[in-house]
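What follows is a set of notes on a single structure, which appears directly below.
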Amino acid sequence: MANVRMHVLVCGGTGCTSSRSLEIVDALRAEIKAQGLAEEVKVVIAGCFGFCEKGPIVKISPDNTFYVQVTPEDAKEIVAEHIVKGRKVSRLLYVDPKTTEHISDSKHMDFYKKQLRIALRNCGFLDPENIGEYIARDGYMALGKALFEMTPKEVVDEVKKSGLRGRGGGGFPTGLKWEIAASYKADQKYVICNADEGDPGAFMDRSVLEGDPHSIIEAMAICGYAIGASKGVVYIRAEYPLAVERLQKAIVAARETGLLGNNILGSDFSFDIDMYYGAGAFVCGEETALIRSLQSERGEPTSKPPFPAESGFWGKPSNVNNVETFANIPVIFLKGAEWFASIGTAKSKGTKVFALAGKVNNVGLVEVPMGTTLREVIFDIGGGIRNGKKFKAAQTGGPSGGCLTEKFLDTPIDYDNLIAAGSMMGSGGMIVLDEDDCMVNVAKFYLGFTVEESCGKCTPCRVGNKRMLEMLEKISEGKATEKDLGRLRELAGIIKDTSLCGLGQTAPNPVLSTLDNFYDEYLAHVRDKRCPAGKCKSLMQYVIDPAKCKGCTMCAKVCPAGAISGKVKEPHVINQDKCVKCGACFATCKFGAISKR
Amino acid sequence: MINLNIDGKYVKVPKGATILDAAKQLGIEIPTLCHLDLHDLGVVNKAASCRICVVEVKGRRNLAPACATPVTEGMEVHTNTMRVLNARKTVLELLLSDHPKDCLTCAKSGQCDLQDLAERFCLRENRYEGGAQSTYKKDVSPAIARDMDKCIMCRRCETMCNDVQTVGALSGVNRGFNAVVAPAFDMPLEESVCTFCGQCVAVCPTGALVERDYSWQVIEAIADPDKVVVVQTAPAVRAALGECFGMEPGTLVTGKMASALRQMGFNYVFDTDFAADLTIMEEGAELLDRITRFLSGDKSVRLPILTSCCPAWVKFFEHQYPDLLDVPSTAKSPQQMFGAIAKNYLAEKLGIPREKLVVVSVMPCLAKKYECARPEFAVNGNPDVDISITTRELAHLIKRANIDFMSLPEGDFDSPLGESTGAAVIFGTTGGVIEAATRTAVEWLTGKPLDDVNFTALRGLEGCREAKLKVGDLELHIGIAHELGNARKLLDSIRAGTVEPFHAIEIMACPGGCIGGGGQPYHHGEMEIIRKRAQAIYREDEGKTRRKSHENPDIIKLYEEYLGKPLGEKSHHLLHTHYFKRHKI
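From first to last, the protein sequence lines are chains B and C. FYI, numbering that gives the first Met the number 0 numbers position 596 of the first sequence as 595, with every residue one higher than the one before it. FYI, numbering that gives the first Met the number 0 numbers position 102 of the second sequence as 101, with every residue one higher than the one before it.
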C-alpha cells in the first residue's frame with residue numbers, strides 16, 4: 000500500500016451492483032491503467048455507503064469526494080479530471096435540494112449529518128475482501144484485548160455494562176444472553192450468528208456482511224471466548240450471494256492469519272466458524288426455527304423453554320445473536336462500555352440502523368443514535384416526503400411492527416418507546432407512508448407476508464392469520480360490516496395471546512396498530528364503502544366529468560375492457576360494471592376529465 | 000419437588016413436570032389435542048402446536064401451553080378463566096374452520112378427538128368460518144387412507160413415523176395455511192418407505208389417517224353362494240375387541256368373538272393361533288438348525304435369527320437393511336401360513352378349488368392388509384389371504400349384523416384350523432413370539448419337558464430387552480425389540496459390535512407388540528389400555544391346557560397327514576418365503 004496515493008471506493012452493495020457499479024469498477028481500472036496510474040491509484044469494491052437513493056456511489060480518498068449516481072461512462076472523466084488533474088467533476092457531486100449547492104464531502108450532506116455510524120463504521124471505508132485493511136482500522140484488536148487482558152466473565156460484564164440489546168427484533172439484553180449461555184456447563188457450545196435477515200425492505204445485515212465481514216468474525220470469536228464455545232455458525236440467506244462470498248473469503252483469510260482456528264494469537268482459545276445457508280424462510284430468523292433448520296430439520300420453532308442458551312444446536316448451549324448486534328461488539332471493547340452506554344437513551348444504548356424506504360426523498364441505510372426522533376430520521380436525514388405530499392405514518396418493525404402516526408414524530412426512537420407507541424424496533428425496517436397510502440392495504444400487505452411465511456405449525460398462526468387476511472380482503476372490497484372490525488380485533492388479540500413463536504405473536508401488530516390509529520379509515524371502508532386513499536380498487540370508480548370531456552375518444556380506444564362509450568366530440572361515459580379499474584383511461588386523458596372517486 | 004398453585008389448589012410435583020401433569024394430579028382435566036404421552040413406550044408428542052391446552056400463568060405476557068410448559072416454584076396457574084376459555088374456543092373455531100364438516104360419513108366419527116372437543120366446547124356456530132379450504136388429493140394405499148383436508152397438524156403421526164419408528168415416511172410439507180403432513184414430494188404412501196405399521200393411524204386424532212376399509216368386501220364374500228368363506232383371528236384381537244363394545248380394556252372375548260363370527264355367516268371360524276403354533280414349528284426348527292450348525296463350526300450360518308411374523312418389520316428391513324435379507328427367519332407370518340394351509344390343505348380336504356375359498360383375516364394390524372396383497376403370497380393371482388380387516392372393522396361388521404355382542408354365548412373355533420396352544424396366544428404381545436419359540440426349542444434341544452413354561456425374563460414393555468437362558472451347556476442370548484426405532488437401535492448396535500452376540504431376536508413394529516397394533520381400538524393415549532391387553536394375553540395363555548406349540552394335536556396331525564416335517568420340502572414350499580431389496584428413501 001505504500002505507493003498508493005489515492006483510493007477509489009466503489010459501492011459494491013447489492014443495490015449499487017444492480018445499477019452496474021461493478022462495470023464502473025472495470026471502467027475505472029481500465030482507465031487508470033491506460034493513464035499508467037495502476038501503481039498509485041487503487042480501485043476498491045467497498046460495502047454499502049447507505050445513501051442508496053443516490054447510488055451508485057464512488058468515493059475518492061483521501062480527499063473524501065463523494066460522487067453520486069455514477070455510470071460506467073463517467074469513469075473516463077473521473078480519472079482524467081479528478082485523478083489526473085485534481086479537479087472535481089462537479090456534475091457528479093451531490094446537490095443539496097435546499098441550497099442547490101454542490102457538496103463534495105458526505106459529512107456535510109443532510110443525509111449523513113445526523114448519523115452516527117457504529118455498526119456500519121467500516122462500510123464504505125475499506126475493502127471488505129482485504130483483511131489487512133480491517134486490521135489497519137483496529138480490526139481484531141478487540142479480540143486481542145479480550146483474550147489477553149480479560150477473563151471470559153469480564154468480557155460478559157463489559158457487554159452487560161454497555162447496555163447493548165439484540166438488534167434482531169426482540170431487544171433482549173445481549174450481555175445477559177451471553178451470561179446465561181456461559182452459565183451452562185457442556186462439552187461443546189456454539190455461537191450462532193443469525194444472518195437470516197428477512198423483514199421486507201431491511202438490508203442492514205446484508206450491508207454489514209458485504210461491507211465489513213471481519214467485524215462479525217471478530218465479534219463471534221469474542222462471544223465464543225466469553226461463553227466457552229469453540230465453534231461458531233453463521234446461518235446466512237443463500238439469496239445474499241455477495242455477502243456469502245465475502246464472509247467466506249473473510250473466514251478463510253482469518254484462518255490463514257491465525258485469527259480463527261486453534262490457539263488464536265497464541266492463546267489457549269480456539270474458535271472456528273462454519274457457514275450454513277438458509278433457503279429464505281422468514282420464520283428461520285426465529286432462533287429455535289433457525290436451529291432446527293441448521294440441523295437439517297423443517298424450519299419451524301419449538302416451545303421455549305428450553306431456550307437455546309440451555310439446549311440449542313444439537314442440544315448444546317448456544318448463543319444466537321444477529322449480525323447487527325455482533326457488529327457493535329468490537330467497538331464496545333475498543334472504546335469501552337462506558338462510551339457505548341453514553342450513547343442513546345436510558346434503556347436503549349448505542350445506535351440503530353434503519354432501512355429507510357417508502358415515500359421519502361432519501362431512501363437508504365441510516366444509522367442513528369437511539370433517541371433520535373422520527374422527525375429527524377424522516378425529515379432531516381430522509382429529506383422529507385416525496386413530491387411535497389403529507390406524511391401519514393412510518394411503519395417500523397416490519398411484519399411484526401406497527402404504524403407510527405404524526406403524533407409520534409417527536410418521540411425519541413428506542414425499544415420501549417416504540418412498543419409503547421404500538422410498534423416495535425424489529426430489525427430496523429422503516430417504511431414511510433404518505434396520504435396516498437391506504438392503511439387497510441398496508442395491514443393487508445404485512446399480514447399477507449406473514450400468512451405466506453407462517454410455518455404452519457400452530458393453529459392460531461396457521462389458520463388465524465389466514466382468517467384475518469380474509470377479513471381484511473373483505474374490508475377492502477367493501478363487503479365487511481362494523482361487526483367484522485370487532486371480530487378482527489378480537490381474533491388479533493387471541494392470535495397474539497396463543498401463538499407459539501414470535502412470528503405468530505406479533506403477526507397481528509400491523510392490523511392492531513392500524514385499527515388503533517386509523518379506525519376512521521377502516522370505518523370509511525365498512526360503513527361508507529369508500530377508500531379514502533383511493534387504493535382499494537373495489538371501492539374506487541373512474542368517472543368522466545362531462546363538462547371537461549371533449550369527446551376525443553382516446554379513453555375509449557385504450558380501455559381494454561370496452562367499458563367506455565360515447566360519440567365523437569360528445570362526452571363519454573364509463574360503464575362501471577365493465578370497468579376493470581386499470582387506470583389506462585385516467586393516464587390517457589389529456590383534458591383532466593377523468594377522476595377517481 | 001416443585002410447589003405450585005392451579006386454580007387455587009396447591010400441588011407438589013417433581014421437577015421437569017409440565018403444568019398438564021400437575022393439573023392431572025389435582026383432577027383438573029385440561030383439554031389437549033396434539034399432545035400424546037405414552038412415555039413408558041417412548042412415545043411422546045410435545046409439539047405444543049394445537050394451542051388448545053393454553054392456560055394463564057401469573058406474570059406471563061401470553062398464554063402458556065400446559066402440555067409443554069415446565070412448572071416452576073411458586074407458579075400460579077389458572078385453567079378456566081374467561082381469557083383462557085375464549086382463547087380455547089377461538090382456537091377450536093379456527094381448527095374447525097379449516098376442517099371438512101362430513102362427520103356423518105367420516106371413518107373417525109365417534110372416535111374423533113376434534114369432534115369430542117367441539118362437543119365439549121358446545122360450539123353452535125363458528126365465527127371464523129373462512130374461505131377456500133385447502134384441498135389435497137386423497138391418497139389410498141392397500142392399508143392406509145390419507146385425507147389431508149382433515150389434518151390439523153398435530154404432528155403425532157410424524158412423531159410416530161420419524162421419532163418412534165424411524166421410518167421417515169411422513170413429515171411436514173408446505174408452509175402456512177397449506178402445511179400438512181405428507182410423504183416426501185407428495186408421493187403416494189404406497190411408493191414411499193412406509194411400512195404400513197399403522198401407528199400414524201393409531202394416534203391420528205381426526206379422520207386424516209384411517210385404515211383402508213375392506214368390511215364391505217367381507218359382506219359381499221359371505222353373501223356369495225359360490226364361495227366358502229373362512230375367517231382367522233389373530234391373538235391380539237380377542238384382548239381388545241371388547242373395548243369396541245364398551246367392555247373394560249383387557250377383557251378377553253375369545254368365545255363371544257367366535258360366536259359373532261359364526262353368526263355373521265362365515266362358513267368356518269378358525270384361529271390364526273393355529274398358524275402361530277405352526278410358525279413356531281418352522282421357526283423353532285430353523286433356530287435349532289442354525290444354532291446346531293453354528294455350534295458345529297459352520298461359518299456360513301447367520302446369527303442371530305430374527306423373527307419375521309410382523310409384516311411392517313419385514314418391509315422395514317427390506318428398505319433399511321437390504322444387506323441383511325438372509326438374516327431373518329424365512330418362515331412366513333402366521334397370517335400367511337394360515338392362508339397357505341387353508342388354500343391348499345383345507346381346500347383339498349373340502350374338495351374345492353382354491354378360487355372358491357375366501358380367506359378373511361381379522362388382524363390388530365394395518366400392515367397385514369399390505370402383506371396379504373404381496374404378489375409372492377398368491378398363486379396365479381389368487382391370494383392365500385383374500386381380505387384382511389382390523390379389530391375395528393370387525394367390531395363395525397358385528398354391529399352392522401345386528402348382533403348384541405354382550406349377550407353372545409361363548410363359542411369355539413372350528414376344526415381343524417382352530418386348535419391352538421398358549422404359546423400361540425402370546426404372539427400378540429411383545430416378547431411372546433420368542434417365548435413361544437423358546438418353549439419349543441428348549442424342549443427340542445434338551446429332549447426334556449420344561450418345568451416351567453413361563454419365561455418371565457422375556458416379558459415386559461421395555462423397548463429393547465435381552466435375556467440369557469441356560470439350556471443344557473448352551474447359554475441362549477435372546478433379544479427383544481418392539482417399535483421399529485428400537486429395532487434399529489438393536490440392529491445398529493449388533494453391527495457396531497457394541498453388544499454381545501445374540502442367538503435370536505424378536506422384533507415387533509408396534510408399541511407393546513400386536514396388542515398396540517394400528518388396527519386395534521383407539522387407545523387415545525391411554526397407556527393403561529395397552530398394559531391391560533398384555534395382561535389379558537398372558538391370562539389366556541395360563542388358562543390353556545397346552546402351552547407349547549409342538550404339543551398342539553392338530554399341528555402334529557397336519558405334519559403327519561400333509562407336511563411331513565418342519566423345514567421339509569412341503570413346508571419349504573408353503574410356509575417359507577424370501578425377501579426383496581427395496582429403496583431406502
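Glycine included, C-beta positions come from ideal geometry on N, C-alpha and C. Here the structure is a predicted model, which is why all the values come from computation and not from measurement.
D273 (chain B) is bridged by DSSP to B:V232.
Between T372 (chain B) and T344 (chain B), the CB-CB gap reaches or exceeds 8 Å. In the three-state reduction of the DSSP assignment, K595 (chain B) falls in the strand class. Take the alpha-carbon of R82 (chain C) and the one of R596 (chain B): they are about 43 Å apart. In terms of CA proximity to C192 (chain B), B:I221 leads the group B:L175, B:I221 and B:G591. L93, L94, S96 and D97: these are the residues of the segment 92–116 of chain C whose beta carbon lies less than 7 Å from some beta carbon of chain B, given in chain order. When CB distances to chain B are screened at a threshold of 7 Å, not a single residue of the segment 180–201 of chain C falls below it. If only complete runs of 3 or more residues are kept, the segment 550–579 of chain B shows no beta strand (DSSP E) anywhere.
Take the alpha-carbon of R211 (chain C) and the one of I143 (chain C): they are about 5 Å apart. Proximity of V163 (chain C) to chain B, defined by a Cβ-Cβ separation below 8 Å, is not satisfied.
Under the 10 Å beta carbon count, M362 (chain C) is surrounded by 16 or more other beta carbons and is classified as buried.
In this structure, C513 (chain C) sits away from A259 (chain C), with a CB-CB distance that is not shorter than 8 Å. For C49 (chain C), the chain B residues whose C-beta falls within less than 8 Å of its own C-beta are C457 and T458, listed in chain order.
With respect to chain B, the C-beta atom of R126 (chain C) has a partner C-beta closer than 8 Å. Restricting attention to C:D146, C:L396, C:L95 and C:R438, the CA atom closest to the CA of I477 (chain C) is found in C:R438. Of all residues in the segment 59–84 of chain C, only N61, L62, P64, A67, T68, P69 and R82 place a beta-carbon less than 8 Å from a beta-carbon of chain B. Counting only runs that start and end inside the segment 453–510 of chain B, the alpha helix (DSSP H) elements of at least 4 residues fall at 464–475, 481–497 and 501–505. Interface criterion not met: the Cβ of Q68 (chain B) is under 8 Å from no Cβ in chain C.
The C-alpha of I215 (chain B) is placed about 20 Å away from the C-alpha of F147 (chain B). Inclusion of G401 (chain B) and L511 (chain B) in the CB contact set at 8 Å is warranted, their separation being smaller than that value. Its chain contains I386 as the residues whose beta carbon lies nearer than 7 Å to that of Q216 (chain C), once the 5 sequence neighbours on both sides are disregarded; these appear in chain order. T253 (chain C) is positioned such that its CB atom lies closer than 8 Å to that of E539 (chain C). Using a 10 angstroms sphere on the CB of R120 (chain B), the tally of other CB atoms reaches 16 or more, which defines it as buried. For chain C, the residues of the segment 463–494 of chain B that bring a beta carbon within less than 7 Å of one of its beta carbons are G463, K465, R466, E469, R486, L490 and I493, in chain order.
Looking at the DSSP output, K351 (chain B) bridges to B:V367.
For P172 (chain B), the three-state secondary structure derived from DSSP is strand. When the Cα atoms are used, L93 (chain C) and E286 (chain B) turn out to be separated by approximately 27 Å. A check of alpha carbon separations from V207 (chain B) across B:P71, B:K351, B:A29 and B:E76 identifies B:K351 as the nearest. The segment 272–286 of chain C makes contact with the segment 320–339 of chain C: 3 or more CB pairs, one atom from each, lie closer than 8 Å. Note on geometry: alpha-carbon atoms of F315 (chain C) and V209 (chain C) lie some 20 Å from one another. Contact of E286 (chain B) with chain C is not assigned, every C-beta pair being separated by 8 Å or more. Annotation for M429 (chain B): no alpha helix (DSSP H) segment contains it, though the beta strand (DSSP E) segment containing it runs G428 to D433. Using beta-carbon distances, D104 (chain B) does not count as an interface residue toward chain C, since no partner is under 8 Å.
For the pair T429 (chain C) and P520 (chain C), the CB atoms are not nearer than the 8 Å cut-off.
Chain-order list of chain C residues neighbouring P304 (chain B): P69, by C-beta distance under 7 Å. Under a criterion of Cβ atoms nearer than 9 Å, the residues of chain C adjacent to R297 (chain B) are, in order, S170, G171 and V172.
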